[in-house]
Amino acid sequence: MIHAPCDVLSACKASPSCVQFNFCSIRLSLSFTLLKIDTLPMARSSGMAVICCFLLLFGAVRCKTVKRDVKALNEIKASLGWRVVYAWVGDDPCGDGDLPPWSGVTCSQQGDYRVVTELEVYAVSIVGPFPTAVTNLLDLTRLDLHNNKLTGPIPSQIGRLKHLRILNLRWNKLQDVLPSEIGELKKLTHLYLSFNSFKGEIPVELSNLPELRYLYLHENRFSGKIPPELGNLKNLRHLDVSNNHLTGTLRDLIGNGNCFPSLRNLYLNNNQLGGGLPDQLANLSNLEILYLSYNKMTGAVPPKLVQIPRLTYLYLDHNAFIGRIPEGLYKHPFLKELYIEGNNFKPGAKAKGMHKVLDVIDTEFLF
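What follows is the structure, encoded as structure tokens:
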């Protein structure tokens, strides 16, 4: 990377023997049309022009990180404790001279400055409240603080991070209700909030995230109904709200079935859902995993479930279902596992495959 200081810029531009460049940019544009080595002897070049070209070619000076981000990261550094302090050395989080960027900090160029675009500080046993100063890193695209011991609520200022695509806060001790301002993160594609102690209702504002693909809310204390508006998320592929205290019915969630057009995996197990299996489930044409174990669901299994073309895993165990299993399910070309124990099915109903905790492999959400 090649950089030059601002006070050299004017001198460099004034001399045709120097190089045209985008000042303080990672990318250097060498314009040999301005160099004119064959027409201008070096004797005519000023001393300042020689210095300018030397600095350009040997990268003597780096651009600085925007002060707002430096201030925010120093506040975060002060609040996170010794586990990150030892790895955050130097005055500039994006690197200064021979010092590399701070561990877990990724920066990129923006005009004449560098800005922080990713912050990943995970699995280092950070203790204390969520660092509100994070919300001053306005150019963040990824925030990963998972597997720590953060407490308290997510601050409402989280809505300021308009460029955020990935928010990973799972495996902490965060609590309270989710702020509705999360619905302002219009570019968010991955939201990981599982294994915390969030309570209250799932915010309907999550349905305002048009790019959302993966939503993980399991292992919390959410209550009330799942917002049916989530069905309007056209890109949502994975929805996991298992192991909460959610109520309502599947019919409440999917209505007439004209919803969740991209959904592949639906985890609703270990809640307090009632009601039956609506025929409209057959309209979820991309569904592969339907996990309904350990709820309070009733009624018969509708034959229309056979019409879900890619259904691969169907878990109905430990509810209050009755009647018979549609024969077509046993002949379904994709169905690998059907688990039905702990219900009131008529004799002859049998499981299919070997029940296990599913490990869903999808390279799009592993990181």
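Mapping of the sequence shown onto full-length UniProt numbering: position 88 corresponds to residue 88, and the numbering continues sequentially without gaps.
Note that the Cβ used here is the ideal one computed from N, Cα and C, for glycine as well.
Because the structure is a prediction, the values reported are computed rather than measured.
- Cα atoms of Glu288 and Ala351: separation of roughly 18 Å, rounded to the nearest angstrom.
- A residue is called buried when at least 16 other Cβ atoms come within 10 angstroms of its Cβ; Leu215 meets this threshold and is buried.
- Straight across, the Cα-Cα distance linking Pro131 with Asp176 is about 16 Å.
- In the same chain as Thr117, and ignoring 5 residues on each side of it, the C-beta atoms closer than 6 Å to its own belong to Thr106, Ser108, Asp139, Thr141, in chain order.
- Here DSSP, grouped into helix, strand and coil, assigns Lys304 to helix.
- Taking all protein chains in view, the Cβ of Gly231 is crowded by 16 or more other Cβ atoms within 10 Å, so the residue is classified as buried.
- Taking a C-beta distance under 9 Å as the contact criterion, Leu284 and Ile308 qualify as a contact pair.
- In this structure, the CA atom of Glu184 is about 7 Å from the CA atom of Lys162.
- Along the length of the stretch 185-249, whole beta strand (DSSP E) runs at least 3 residues long occupy 190-192, 197-200, 214-216, 221-225, 238-240, 245-247, reported in chain order.
- In this structure, Leu290 sits away from Leu253, with a CB-CB distance that is not shorter than 9 Å.
- Counting only the Cα atoms, Trp171 lies some 22 Å from Val85.
- Under DSSP, the beta-bridge partners assigned to Phe321 are Gly299.
- The residue from Pro210, Asn235, Val241 with its alpha-carbon nearest to that of Leu217 is Val241.
- As a beta-bridge residue in DSSP terms, Tyr291 pairs with Tyr267, Tyr315.
- Taking Glu201 as the centre and dropping the five residues before and after it, the same chain places the C-beta of Gly224 closer than 6 Å to its C-beta, in chain order.
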